[in-house]
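To start, the structure under review is shown below, and the notes come after it.
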Amino acid sequence: MKYKSIYFIAFLAVIGTGCSKSWIDVNTNPNSLPTATPSFVLTNAMNTTTTNIINANETGSYWAGHWTQSSSYILSPENFSYNFTDGNFNYWDGLYDNLQDYQYVIDNADASEQKYFKGPAKIMKAYVYSALVDMYGNVPYSDALKGVGSLAPKFDDQKAIYEDLVKLLDEAIADVKATAFASAFTGSDIIFKGNATSWAQFANSLKLRLLVHQSRVTGKEAYITTEINKIVTEGSGFISNKEVAVGGPTFYIATAGKTNPMYDRWAYDANGATRGLARYPRPTKYLFDVLIASDDTLRLKRLAYAKGGEKGSTPGVSSNPEIIANYVGVPFGVASGYTAPASSYIGPSLFVKGEFGRPFILMTAAEIQLSLAEIRQRFPAVTLPGTAQSYYEEGVRQSFRALGVANAVSNANLLLASGKVDADWVGSTDKLHAIATQKWLALANFSGLEAWSEYRRTNLPNTPQAATVSDTKRPLRLFYPNTEAGSNPENVKAQGAVDVFTTKIFWDVD
Numbered sequence: 006m007k008y009k010s011i012y013f014i015a016f017l018a019v020i021g022t023g024c025s026k027s028w029i030d031v032n033t034n035p036n037s038l039p040t041a042t043p044s045f046v047l048t049n050a051m052n053t054t055t056t057n058i059i060n061a062n063e064t065g066s067y068w069a070g071h072w073t074q075s076s077s078y079i080l081s082p083e084n085f086s087y088n089f090t091d092g093n094f095n096y097w098d099g100l101y102d103n104l105q106d107y108q109y110v111i112d113n114a115d116a117s118e119q120k121y122f123k124g125p126a127k128i129m130k131a132y133v134y135s136a137l138v139d140m141y142g143n144v145p146y147s148d149a150l151k152g153v154g155s156l157a158p159k160f161d162d163q164k165a166i167y168e169d170l171v172k173l174l175d176e177a178i179a180d181v182k183a184t185a186f187a188s189a190f191t192g193s194d195i196i197f198k199g200n201a202t203s204w205a206q207f208a209n210s211l212k213l214r215l216l217v218h219q220s221r222v223t224g225k226e227a228y229i230t231t232e233i234n235k236i237v238t239e240g241s242g243f244i245s246n247k248e249v250a251v252g253g254p255t256f257y258i259a260t261a262g263k264t265n266p267m268y269d270r271w272a273y274d275a276n277g278a279t280r281g282l283a284r285y286p287r288p289t290k291y292l293f294d295v296l297i298a299s300d301d302t303l304r305l306k307r308l309a310y311a312k313g314g315e316k317g318s319t320p321g322v323s324s325n326p327e328i329i330a331n332y333v334g335v336p337f338g339v340a341s342g343y344t345a346p347a348s349s350y351i352g353p354s355l356f357v358k359g360e361f362g363r364p365f366i367l368m369t370a371a372e373i374q375l376s377l378a379e380i381r382q383r384f385p386a387v388t389l390p391g392t393a394q395s396y397y398e399e400g401v402r403q404s405f406r407a408l409g410v411a412n413a414v415s416n417a418n419l420l421l422a423s424g425k426v427d428a429d430w431v432g433s434t435d436k437l438h439a440i441a442t443q444k445w446l447a448l449a450n451f452s453g454l455e456a457w458s459e460y461r462r463t464n465l466p467n468t469p470q471a472a473t474v475s476d477t478k479r480p481l482r483l484f485y486p487n488t489e490a491g492s493n494p495e496n497v498k499a500q501g502a503v504d505v506f507t508t509k510i511f512w513d514v515d
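Be aware that the sequence shown starts at 6, since it is given in my numbering, and climbs by one per residue.
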């Protein structure tokens with residue numbers, strides 16, 4: 006594994022106190038990290054998490070059936086024919102580099118008298134590690150992040166990692182409760198601005214995600230019930246009525262490389278010029294079909310622009326009339342017939358010209374509420390105060406809000422009373438099917454990796470196979486990257502042969 010140098014942020018940290026030649030000595034051992042203030046490292050690490058997870062979210066958005074591509078580009082065989090190797094989709098290196106930064110904060114917060122950063126760093130460490138497990142299964146964990154102390158770390162069992170991440174999140178909650186943020190350093194926290202309650206709620210929400218992932222694993226019922234009840238007893242609750250998000254208008258600025266990274270990649274540059282890649286990702290026809298079947302056109306119009314994209318002179322509005330006939334989703338993995346101008350662009354829930362400073366979303370309140378609905382439905386012994394129906398309906402309302410639907414609560418309530426299957430709780434016979442469908446919709450555009458994880462876990466909804474694939478096989482995980490196979494070969498080999506179509510993540514039980 007690679008170990009990220011933090012020379013640049015260390016240099017910034019010393020700017021205000023004077024310069025010393027030793028800070029920029031090119032002969033510094035690259036395997037030994039120089040000293041840097043945890044506050045600088047944490048800010049950079051949080052920002053780096055967004056630029057790393059955006060890549061995994063893109064792949065997840067394809068394989069969850071939310072996105073495909075326009076035929077203005079040659080069809081990607083990696084994404085849509087599943088023709089990829091250990092040289093593709095290397096999210097490993099960036100995420101481990103990112104973890105090294107969070108570990109640095111954890112290890113140095115006490116000595117730097119910045120203990121209040123330790124809890125948030127542990128929570129972010131758990132967030133990144135869970136993403137690695139959900140893509141790769143067994144990964145280096147207990148023997149990792151030790152620098153020269155372990156250059157070829159062993160791999161840990163993925164089930165054991167999940168259980169330890171739950172414990173790590175418990176530790177993190179205790180940390181954030183124990184030490185309040187110093188007011189002078191709340192700006193270093195570009196997620197919650199030093200709000201300890203929000204950090205504890207995020208930790209509980211992430212624990213909930215990890216527990217929901219395991220909810221179909223045989224023998225986990227008592228464990229999950231106990232852990233959910235511990236969250237209730239702890240008392241901080243879950244994130245509600247807002248998203249867990251990095252940055253925002255006080256962090257992102259209209260300068261190259263400093264805008265919201267999703268906006269920069271698929272929408273506009275810092276000067277408002279349309280990016281070439283805006284012509285690439287496209288919402289799928291199936292996504293539109295599911296929404297239209299429930300007359301859920303309000304969310305559809307927030308998830309996508311009508312064909313032709315955004316009207317340059319009127320940000321947030323489609324260039325063509327916003328009637329359903331002009332919303333053209335692309336069948337997943339088609340190679341021709343759906344050029345960029347003739348199909349719908351990713352919509353105003355993500356991209357509005359000039360709104361480069363929107364926060365980068367890591368987790369939505371809708372996901373959390375719908376996860377609570379599933380836990381309540383599957384495990385009646387949990388002591389959650391709400392019912393499965395109340396959590397489900399609040400999840401749909403939160404989805405409307407997050408997407409920016411006008412009069413979100415009242416319009417969501419109309420859908421919830423519509424009698425439509427998989428929309429109206431009472432009108433849906435299969436409650437778990439309805440929860441999975443609504444979570445799939447709520448994750449669209451925001452959390453592609455989680456959407457792919459949920460699809461693999463539940464096999465819902467029944468999204469169409471790629472047009473370029475003649476059989477039923479779909480990717481269930483990623484290969485270990487060739488960079489790790491080259492630097493840590495014996496431990497990679499010890500994991501056995503990986504078949505991305507049959508070697509499952511442990512929570513994928515069928």
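Every residue gets a Cβ at the ideal spot worked out from N, C-alpha and C, and that includes glycine.
All of these numbers come straight from a predicted model, not from anything done at the bench.
For Thr73, the enclosing beta strand (DSSP E) covers residues 72 to 74.
In the DSSP assignment, Ser135 forms no beta bridge with any residue. Annotated three-state conformation of Tyr121 is helix, per DSSP. A distance below 8 Å between beta-carbons, with the five flanking residues on each side excluded, links Gly342 to the following residues of its chain, in chain order: Ser76. As DSSP reads the structure, Phe186 sits in no beta bridge.
Counting C-beta atoms within 10 angstroms of its own C-beta, Ile166 has 16 or more neighbours from the protein chains shown and is therefore classed as buried. Under DSSP, Lys127 forms no beta bridge with any residue.
A direct Cα-to-Cα measurement between Ala69 and Ala456 gives close to 6 Å.
About 6 Å separates the beta carbons of Ala378 and Gly400, which is inside the 8 Å limit, making them a contact pair.
Secondary-structure assignment with DSSP links Thr279 through a beta bridge to Tyr273. Checking the DSSP bridge columns, you'll see Ser349 partnered with Lys312. If you ignore the 5 residues before and after Tyr332, its C-beta comes within less than 8 Å of the C-beta of Phe293, Leu305, Lys306, Ala309, Ala311, Lys312, Ser349, all in its own chain and listed in chain order. The alpha-carbon of Gly409 is positioned some 46 Å away from that of Ser492.
By the neighbour-count criterion, in which a residue is buried when 16 or more other Cβ atoms sit within 10 angstroms of its Cβ, Val249 is buried.
Leaving aside the five residues that flank Val503 on each side, the residues in its chain whose CB is nearer than 7 Å to its CB run, in chain order, Phe484, Tyr485. Put simply, of Leu420, Ser193, Phe405, Ile440 the residue whose alpha carbon is nearest the alpha carbon of Gln394 is Ile440. Nearest in C-alpha terms to Asp106, of all of Tyr87, Asp91, Met129, Lys120, is Met129.
In the three-state DSSP reduction, Asp161 falls in the strand class (E or B).
Taking a cut-off of 8 Å for Cβ pairs, the region 231 to 239 and the region 153 to 161 do not touch, as fewer than three such pairs fall below it. Comparing C-alpha distances from Ile196 to each of Glu226, Ala370, Ala330, Gly253 shows the shortest one belongs to Gly253.
The three-state reading of DSSP puts Leu367 in strand, counting E and B together. The Cβ atoms of Leu389 and Ile380 sit closer than 8 Å to each other. Assignment of Pro288 by DSSP, reduced to helix, strand and coil, places it in the strand class. Comparing alpha carbon positions, the residue from Val171, Ala177, Phe256, Phe190 closest to Leu216 is Val171. By the Cβ neighbour-count rule, Pro82 is exposed, with fewer than 16 other Cβ atoms within 10 Å of its own. Counting only unbroken stretches of 3 or more residues, the beta strand (DSSP E) elements lying wholly within the region 55 to 112 are 72 to 74, in sequence order. Cβ-Cβ separation between Arg214 and Val514: approximately 17 Å, too far for a contact (criterion under 8 Å).
With 16 or more other Cβ atoms from the protein chains shown falling within 10 Å of its own Cβ, Gly334 counts as buried.
Our two residues, Ala449 and Ala208, have alpha carbons roughly 23 Å apart in a direct line.
For Ser323, the closest C-alpha among the options Phe356, Gly142, Thr40, Gly338 is that of Phe356. Spanning the alpha carbons of Thr202 and Val505 requires a straight line of approximately 40 Å. In the three-state reduction of the DSSP assignment, Ser210 falls in the helix class. Excluding five sequence positions before and after Pro469, the CB atoms of its chain that fall closer than 6 Å to its own CB belong to Tyr291, Phe337, given in chain order.
The criterion of a C-beta distance shorter than 8 Å is satisfied by Tyr141 and Arg482. For Phe94, the CB contacts under 7 Å within the same chain, skipping 5 residues up- and downstream, are Thr64, Leu483 in chain order.
Assignment of Pro326 by DSSP, reduced to helix, strand and coil, places it in the coil class.
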